[in-house]
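These notes concern the structure reproduced below.
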Amino acid sequence: MSTARLTINLHALAGNWRALDAKTDTETGAVVKADAYGLGAGPVASTLAEEGVRKFFVAVAEEGAAVRRAIGPGPLIFVFSGHMEGDADLLRDHDLVPLLNSPEQFQRHIQALPVHPFGLQLDTGMNRLGLEPADWSALRNRAEALNPVLIMSHLACADEPDHPMNRQQLEAFRGMTEGVSAPRSLAATGGMLLGPEYHFDLCRPGIGLYGGLPFAAAKPVVTVDLPVIQVRDLAVGETVGYGNTWKARRPSRIATVAAGYADGLHRAIGGGIDTFAGDLPCPVVGRISMDLITVDVTDLPHTPERLRILNGHQTVDDLAEAAGTIGYEILTSLGSRYSRGYVE
């Protein structure tokens, strides 16, 4: 293979969903936006539907249409961006449920699709999406009379359990939804780990399904194997890569592998990251370039055909920490050049 190989373990994904579901006494849905965090919305959503998921969440209506094609009729698919201008046909034709975020979206929806289901998103302090308290107060009676299928909000700091914003938003959500008859949802992965008072009627994990923090017990879902293009011998004092940032302090063997920042392995990833030949670590050396990464394989007893950069030893969050970012960005940046395979 001339391109890197990305393998998605759907069995591990399903296991992560079951483990998160077991932490609550309420229903557990799944967030499959951004092509299931870059791993393929079709296979991922189909697997989760087989596990019993009946509520999925996407960012925009076009994503919802793709998920509907994968899972067929029945489960609800919620659209975080709500009812945008021009969405009516997509929402109707693919039976998608917009989560309305503003009075304008509410008006647009009831005019364009007066009998079509909808949900509501409330802003409890994140100031990103959702009806603000004054707007909700003004719309509440009209909206509740039309029987919304879900009322939700989103936590800003759920990955920091002791952050006071969590309690502040919890109390705001309780106050804004007191007495509503519709199901309520506040918790994504981080919120699920904060405890039962955050769970309400529905939880909607995302990153935890795919092996990322803050769900530390998650099984790794993604492996990435990089084919070795060339191996060369270096003398002491020779350098590797752009900028001469790495210099050989001993006679060394350097493998060049087929992947780079065009494949989501960010240029900012520096020292401390390894690739693996089986369980044997081989450090990345020099700068990551667009299509190539250089690796010190001096200590290997053989010349490898491929090296693995994501596995059970090194996670998306390890790569993210090295790059100064978050696991979400690593996952969703894994590019189209990978050959992809799924393990069920």
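Note that the sequence shown covers residues 1 to 344 in the UniProt record's numbering.
Beta carbons: idealized from backbone N, C-alpha and C, even for Gly.
Consult DSSP for residue i and reduce its assignment to one of helix, strand or coil.
| i | result |
| --- | --- |
| S137 | helix |
| G278 | coil |
| I207 | helix |
| V240 | strand |
| E132 | coil |
| D317 | helix |
| E27 | strand |
| residue 353 | The requested residue 353 does not occur in the structure, where the chain is confined to residues 1 to 344. |
| I77 | strand |
| I273 | coil |
| V44 | helix |
| P196 | helix |
Identify the continuous alpha helix (DSSP H) that holds residue i and give its terminal residues.
| i | result |
| --- | --- |
| K33 | 33–37 |
| L10 | 10–21 |
| V67 | 61–71 |
Quick check on the burial criterion: 16 or more other C-beta atoms within 10 angstroms. Buried or exposed for residue i?
| i | result |
| --- | --- |
| Y242 | exposed |
| S2 | exposed |
| I269 | buried |
| residue 365 | Since the first residue of the chain shown is 1 and the last is 344, residue 365 is not available in this structure. |
| A61 | buried |
| L265 | buried |
| R249 | exposed |
| P114 | exposed |
| V31 | buried |
| M192 | buried |
Short of 7 Å in beta carbon distance, which residues of its chain neighbour residue i, apart from the five on each side in sequence? Order them along the chain.
| i | result |
| --- | --- |
| W136 | L122, M176 |
| S252 | L234, D296, T298 |
| G335 | A262, D263, G264 |
Among the residues of its own chain, which have a CB less than 6 Å from the CB of residue i, if the five just before and after it don't count?
| i | result |
| --- | --- |
| G42 | A70 |
| L186 | S153, F173, Y198, F200 |
| P281 | D274 |
| L129 | N101, Q121 |
| T124 | S153, Q169, A172, F173 |
| L10 | T47, Y342, E344 |
| R267 | Y261, I288 |
Taking the beta strand (DSSP E) that residue i belongs to, which residues open and close that run?
| i | result |
| --- | --- |
| S339 | 339–343 |
| R306 | 306–310 |
| T223 | 222–234 |
| V297 | Neither: V297 is in no beta strand (DSSP E) and is coded neither H nor E. |
Taking 8 Å as the limit between beta carbons, can you name the residues of its chain near residue i, skipping five residues before and five after?
| i | result |
| --- | --- |
| A59 | K33, A34, V79, F80, S81 |
| L213 | D159, I207, D317, G327 |
Every unbroken alpha helix (DSSP H) inside the stretch 90–173 [4 residues or more]: Counting whole runs of 4 or more residues, the stretch 90–173 contains the alpha helix (DSSP H) stretches 103–112, 133–145.
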